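These protein sequence lines map, in sequence, to chains A and B. Residue numbering for the first sequence follows the numbering used here, starting at 1 and increasing by one per position. Residue numbering for the second sequence follows the numbering used here, starting at 238 and increasing by one per position.
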Amino acid sequence: MAGVMLEVSSVYKSFSEPVLVDVSLHLNGGEVLGIVGPNGCGKTTLLRIMAGLESPDKGSVRREGKVGIVFQEDRLLPWKTLWENVALGLKYHGIRGEELTKRVRDYSSMVGLTDSDLSLHPRKASGGTRRKAALARALVLEPEILLLDEPFTGLDVKARTSLREALNWIWDEYGLSTVIVSHQLEELLPLADRVYVLTPKPARVAEEIDLRGMDLERRLERVKEALLRILSRSGTG
Amino acid sequence: MTRGGKEASRGHEIAFRAGRILASLFVLAIWISASATGMLPGPVEVVAYLLSMEPEEVAPQVLKTLYNSITGFSLSFLASMVLGLLSHRLPLIKGFSEALSEIFNSTSALVWSLVLVATLGVLSPLPPILVVAAVTLPHVLTATVSALSSADPGLLEAVRSVGAKPSDEFFEVILPSSVPLLASASRVGLGTALRISVVAEAFGSSGGVGYMIIRSYNLADASGVLAWSLVLIALVLGLDQLVLKPLERRARRWLE
Numbered sequence: 001m002a003g004v005m006l007e008v009s010s011v012y013k014s015f016s017e018p019v020l021v022d023v024s025l026h027l028n029g030g031e032v033l034g035i036v037g038p039n040g041c042g043k044t045t046l047l048r049i050m051a052g053l054e055s056p057d058k059g060s061v062r063r064e065g066k067v068g069i070v071f072q073e074d075r076l077l078p079w080k081t082l083w084e085n086v087a088l089g090l091k092y093h094g095i096r097g098e099e100l101t102k103r104v105r106d107y108s109s110m111v112g113l114t115d116s117d118l119s120l121h122p123r124k125a126s127g128g129t130r131r132k133a134a135l136a137r138a139l140v141l142e143p144e145i146l147l148l149d150e151p152f153t154g155l156d157v158k159a160r161t162s163l164r165e166a167l168n169w170i171w172d173e174y175g176l177s178t179v180i181v182s183h184q185l186e187e188l189l190p191l192a193d194r195v196y197v198l199t200p201k202p203a204r205v206a207e208e209i210d211l212r213g214m215d216l217e218r219r220l221e222r223v224k225e226a227l228l229r230i231l232s233r234s235g236t237g
Numbered sequence: 238m239t240r241g242g243k244e245a246s247r248g249h250e251i252a253f254r255a256g257r258i259l260a261s262l263f264v265l266a267i268w269i270s271a272s273a274t275g276m277l278p279g280p281v282e283v284v285a286y287l288l289s290m291e292p293e294e295v296a297p298q299v300l301k302t303l304y305n306s307i308t309g310f311s312l313s314f315l316a317s318m319v320l321g322l323l324s325h326r327l328p329l330i331k332g333f334s335e336a337l338s339e340i341f342n343s344t345s346a347l348v349w350s351l352v353l354v355a356t357l358g359v360l361s362p363l364p365p366i367l368v369v370a371a372v373t374l375p376h377v378l379t380a381t382v383s384a385l386s387s388a389d390p391g392l393l394e395a396v397r398s399v400g401a402k403p404s405d406e407f408f409e410v411i412l413p414s415s416v417p418l419l420a421s422a423s424r425v426g427l428g429t430a431l432r433i434s435v436v437a438e439a440f441g442s443s444g445g446v447g448y449m450i451i452r453s454y455n456l457a458d459a460s461g462v463l464a465w466s467l468v469l470i471a472l473v474l475g476l477d478q479l480v481l482k483p484l485e486r487r488a489r490r491w492l493e
């Protein structure tokens, strides 16, 4: 997939005080883009604006294709099984019968969910299984752009590894253009091709770093340096 | 839980149960004291009266009262669901529902009974049902409107992000989210419905526990009044403890 899949231009957003100021960035086709920044700087708001769940006060967002989003808190309906949760979007788009069953089964197994996982209600499933179900719920609609909000937060090492493997498999197979917002650099940086480093609130893009060709140690070093630089500049570090 | 914590919790439970037994003994003591003045029959006399009643005599009256209460409550529940759903979308209906609740809430069961009996006639089966509907409506409507606005905005956003339409949001998130609150409201509402239906039956009905209470009163049969009152208390408590409370508990687990 070539070309720019998602472009954020000069976005400004305020909730009683400015949260995002003049933020511009883009996501190329087939790329995994990371967004990092200090806690509470506005990363999630930016992701929600990218998804179209929030409108910018100024600026614009251009999307070249369907967007799927996975929220940090899973947000699965507790009264439905994981299967029913994964199938939700398909039902809303009028897809039923064999096509629905096939898609739910295919995308669930793609993220590593078994039939017995899918028969569980969210309260009975582990954190990792719930996160995978939330990912499958977004993937069954076959989006061209995937947005992940803190996908590794709250998961144990085993669940994080398993989710990372599932994501790697999806990217290798489908080259899905993805934006990941995360403060867990050790989890994010091995996956990302590029990162944008945001300043503390109100968030601006402080730096854009191309990570391709760097080993993990170098990636960590470069992003940590950038974060330290912006924190010391803003006086919060 | 630690051992100390478990003991404290057990002590709390024992004290709570003792409080419940004390309340029953307190009511019984008041009754015995009142009967000592000779103005009321005592518990032994009333229980003897109760035991002398034939099941074929009691069952139709209990069923009639249950029918009036459940039908009236169902009407108010249905009206509340429709108004609650529309209030969720239309400010005009929200204002209408609020004002209707206030008016109905300020009107006593006695007034409703008299007006409906005068309008529909003593022999009509409708007044007890409509009185129950009118009296329970404000409580059920208020609970329904608040239950329908209690849905988690995060879940609403999640279903919206996968293409849910407003009707999907209502049936998939808003309605299921409100189940525990609706169950609690139904528990209170049905209890109220039973107590209200006997008032309405006393004024305009040819049957039911309320009718039997007023009939015994008109015949100066004090033991009959108290015996039928005990039937009503048993009915309210039985329905609450054996049916409504377990259902409410089950509904609470729905969202976990």
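Each residue gets a CB set at the ideal place from its N, CA and C atoms; glycine is no exception. Note that the structure is a prediction, hence the values are computed from the model and not measured.
Extent of the continuous alpha helix (DSSP H) run through residue i
| i | result |
| --- | --- |
| Gly52/A | Gly52/A -> no alpha helix (DSSP H), and no H or E assigned at all. |
| Met110/A | Gly97 to Met110 |
| Ile267/B | Arg240 to Ala273 |
| Asp149/A | Element bounds for Asp149/A: not the alpha helix (DSSP H) but the beta strand (DSSP E), Ile145 to Asp149. |
| Ser381/B | Looking at the sequence provided, one finds Thr at residue 381/B rather than Ser. From DSSP, the alpha helix (DSSP H) with Thr381/B extends over Leu363 to Leu385. |
| Glu282/B | Pro280 to Ser289 |
| Ala80/A | The sequence shown places Lys at residue 80/A, not Ala. From DSSP, Lys80/A is part of no alpha helix (DSSP H); its letter is neither H nor E. |
| Arg486/B | Lys482 to Arg490 |
| Lys132/A | Gly127 to Leu139 |
| Ala249/A | Outside the modelled stretch of chain A, which goes from 1 to 237, sits residue 249/A, for which no answer is possible. |
| Arg123/A | Segment: none, Arg123/A is in no alpha helix (DSSP H) and carries neither H nor E. |
| Leu118/A | Asp115 to Leu118 |
| Val396/B | Pro390 to Ser398 |
Residue i burial status per 10 Å Cβ neighbour count (16 or more: buried)
| i | result |
| --- | --- |
| Val473/B | buried |
| Ala226/A | buried |
| Trp83/A | buried |
| His376/B | buried |
| Gln298/B | buried |
| Val179/A | buried |
| Thr381/B | buried |
| Leu262/B | exposed |
| Gly237/A | With a pLDDT of 48 at Gly237/A, under the threshold of 50, the predicted position of this residue should be treated as unreliable, though the coordinate-derived value follows. Label assigned to Gly237/A: exposed. |
| Ser60/A | exposed |
| Asn455/B | exposed |
| Lys66/A | exposed |
| Arg247/B | exposed |
| Trp349/B | buried |
| Ile366/B | buried |
| Lys276/B | Correcting the residue type first, residue 276/B is Met in the shown sequence and not Lys. Looking at its Cβ environment, which holds fewer than 16 other Cβ atoms inside 10 Å, Met276/B is exposed. |
| Glu173/A | exposed |
Contacts of residue i in chain A (Cβ-Cβ under 7 Å)
| i | result |
| --- | --- |
| Ala401/B | Tyr92 |
| Leu392/B | Arg75 and Leu77 |
| Val395/B | Note that residue 395/B is Ala in the sequence shown here, rather than Val. Simply Phe71 and Arg75. |
| Asp405/B | Tyr92 |
| Glu485/B | Within chain A, no residue comes near Glu485/B; the closest Cβ sits about 16 Å away, beyond 7 Å. |
Interface partners of residue i on chain A, CB under 9 Å
| i | result |
| --- | --- |
| Leu412/B | Residues of chain A passing the Cβ test: none, with the nearest at roughly 10 Å. |
The beta strand (DSSP E) enclosing residue i, as first and last residue numbers
| i | result |
| --- | --- |
| Phe71/A | Where Phe71/A is concerned, there is no enclosing beta strand (DSSP E), given that its DSSP letter is neither H nor E. |
| Ser24/A | Glu17 to Asn28 |
| Arg238/A | Chain A is shown from 1 up to 237; residue 238/A falls before or after that span and cannot be answered. |
| Val290/A | Here chain A comprises residues numbered 1 to 237, so residue 290/A is not present and cannot be evaluated. |
Partners in chain C for residue i, counting only beta-carbon separations shorter than 7 Å
| i | result |
| --- | --- |
| Ser398/B | Protein chains A and B are contained in the structure displayed, whereas chain C is not. |
Under 9 Å from the C-beta of residue i: neighbouring residues of chain B
| i | result |
| --- | --- |
| Arg194/A | By Cβ distance, chain B contributes nothing, its closest Cβ being about 25 Å from Arg194/A, past 9 Å. |
| Leu198/A | Residues of chain B passing the Cβ test: none, with the nearest at roughly 22 Å. |
| Leu141/A | Val399 and Gly400 |
Listed by chain order, chain B residues near residue i by CB distance under 7 Å
| i | result |
| --- | --- |
| Gly137/A | Contrary to the premise, residue 137/A reads as Arg rather than Gly in this sequence. Those are Val399, listed as they occur along chain B. |
| Gly89/A | Val399 and Gly400 |
Closer than 8 Å at the beta carbon, the chain A residues around residue i
| i | result |
| --- | --- |
| Asp477/B | Simply none; closest approach about 25 Å. |
Where residue i meets chain B, residues with beta-carbon distance less than 8 Å
| i | result |
| --- | --- |
| Gly97/A | Ordered by position in chain B, no residue passes the 8 Å Cβ test against Gly97/A, which lies about 18 Å from the chain. |
### Query
What are the complete alpha helix (DSSP H) segments, minimum 4 residues, inside the segment 456-480 of chain B?
459-475
### Query
Would you say the segment 187-200 of chain A touches the segment 30-42 of chain A, given that touching needs at least three Cβ pairs under 8 Å?
yes
### Message
Quick check for students: name the residue ranges of the alpha helix (DSSP H) that lie wholly in the segment 164-212 of chain A, counting only runs of 4 or more.
### Response
185-188
### Query
Do the segment 414-429 of chain B and the segment 466-486 of chain B meet, that is, are 3 or more Cβ pairs less than 8 Å apart?
yes
### Query
Do the segment 385-402 of chain B and the segment 336-352 of chain B touch if we need at least three Cβ pairs shorter than 8 Å?
no
### Contact the segment 388-400 of chain B vs the segment 412-419 of chain B: 3+ CB pairs below 8 Å
yes
### Task
At 4 residues or longer, and completely inside the segment 407-457 of chain B: list those alpha helix (DSSP H) runs for me, N to C.
416-440 and 446-455
### Validate contact between the segment 455-463 of chain B and the segment 345-356 of chain B using beta carbons, cut 8 Å, 3 pairs
no
### Message
I'd like the ranges of any alpha helix (DSSP H) spanning at least 4 consecutive residues and lying wholly in the segment 291-353 of chain B.
### Response
292-326 and 328-342
### Task
Count the C-beta pairs between the segment 438-451 of chain B and the segment 320-329 of chain B that are closer than 8 Å, then say yes if the count reaches three, no if not.
no
### Message
Tell me whether the segment 132-139 of chain A and the segment 36-50 of chain A touch, counting them as touching only if at least three CB pairs, one residue from each stretch, are closer than 8 Å.
### Response
no
### Query
Is there contact between the segment 118-129 of chain A and the segment 149-166 of chain A, where contact requires at least three CB pairs shorter than 8 Å?
yes
### Query
Are at least three pairs of beta-carbons, each pair with one atom in the segment 100-119 of chain A and one in the segment 160-171 of chain A, less than 8 Å apart?
yes
### Query
Is the segment 75-95 of chain A touching the segment 14-24 of chain A in the sense that three or more CB pairs, one from each, lie closer than 8 Å?
no
### Task
Report yes or no: do the segment 210-225 of chain A and the segment 185-192 of chain A share at least 3 C-beta pairs separated by less than 8 Å?
yes
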